[in-house]
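Taking it in order: structure first as structure tokens, then the write-up.
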Amino acid sequence: CQENHIGLGLLVSDRGLARRILLIGKLKGYSILAIAEELPDDGKIFACAEAPYLGVNSQEAFDCSSDGKKISMQVGPLADTLEALHAEDEHFDIVFIDADQRNAVNYYSFVMDNHLLRMDGVICVENTLMKGQVYLENISDENVLAVRKLNTVINSDPRVQQVSAMQLVKVPVVLYLWILQSTL
């Protein structure tokens with residue numbers, strides 16, 4: 114489980130300045146802990162999900178780790194959680210979206226439009242290539258079409274300075290991330 118998001122942990126450690134991270138979607142507890150281990154002592158992860166994907170034993174794992182104190186979890190409607198973060202004037206260095214494809218464009222837009230991502234922050238969106246299906250013609254799958262729309266929105270967003278794809282391979286999982294720099 115921990116290796117699933119080791120790439121994000123590497124991004125955190127490479128950025129060096131990341132102290133506040135927002136994780137939106139289906140991340141598991143041990144993956145969150147692996148990312149927390151890369152944060153400085155004053156770092157904080159806010160993880161939110163619609164359903165308890167975070168795992169039944171997540172809190173136990175956090176409690177057993179000295180890095181567990183860096184993690185805050187919220188389970189509930191993601192739109193409500195993001196609204197609350199905006200109302201509290203929260204800002205993050207890195208935002209990782211691993212939510213359902215049909216709503217990912219809404220989460221991306223909300224994060225960017227409401228400045229949840231700090232200036233020069235990084236936003237990562239999981240599975241933007243859909244195993245290459247986004248490039249195929251005559252696709253009717255709603256998830257693929259939603260990701261295609263998300264890619265179009267990101268590519269046309271003038272606030273995005275740099276777009277690159279990063280492929281992380283862990284047998285048998287392949288994750289695709291877009292890394293974006295905000296100019297808000």
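Count along the sequence shown starting at 1, add 113, and that's the number in my numbering.
Every residue, glycine too, gets a C-beta built ideally from N, C-alpha and C.
Please read all numbers here as calculations on a predicted model, not as lab measurements.
#1: Could you work out which residue in R231, K244, E250, N264 is closest to V238 when comparing CA atoms only?
#2: With three or more beta-carbon pairs closer than 8 Å as the criterion, would you say the segment 211-221 touches the segment 145-152?
#3: Using beta-carbon positions only, say whether R268 and Q214 come within less than 8 Å of one another.
#4: From this set, K182, Q187, Q172, which residue's C-alpha is nearest G66's C-alpha?
#5: Does any CB atom of chain B fall closer than 8 Å to the CB of L249?
#6: Please confirm whether K182 and G156 have their CB atoms less than 8 Å apart.
#7: Beta-carbon separation of I207 and S185 under 8 Å?
In short:
#1: N264
#2: no
#3: For the sequence presented, residue 268 should be read as Asn rather than Arg. Result no, Cβ atoms of N268 and Q214 do not sit closer than 8 Å.
#4: There is no way to answer for residue 66, as the model of the chain reaches only from 114 to 297.
#5: The structure shown contains no chain B, having only a single protein chain.
#6: no
#7: no
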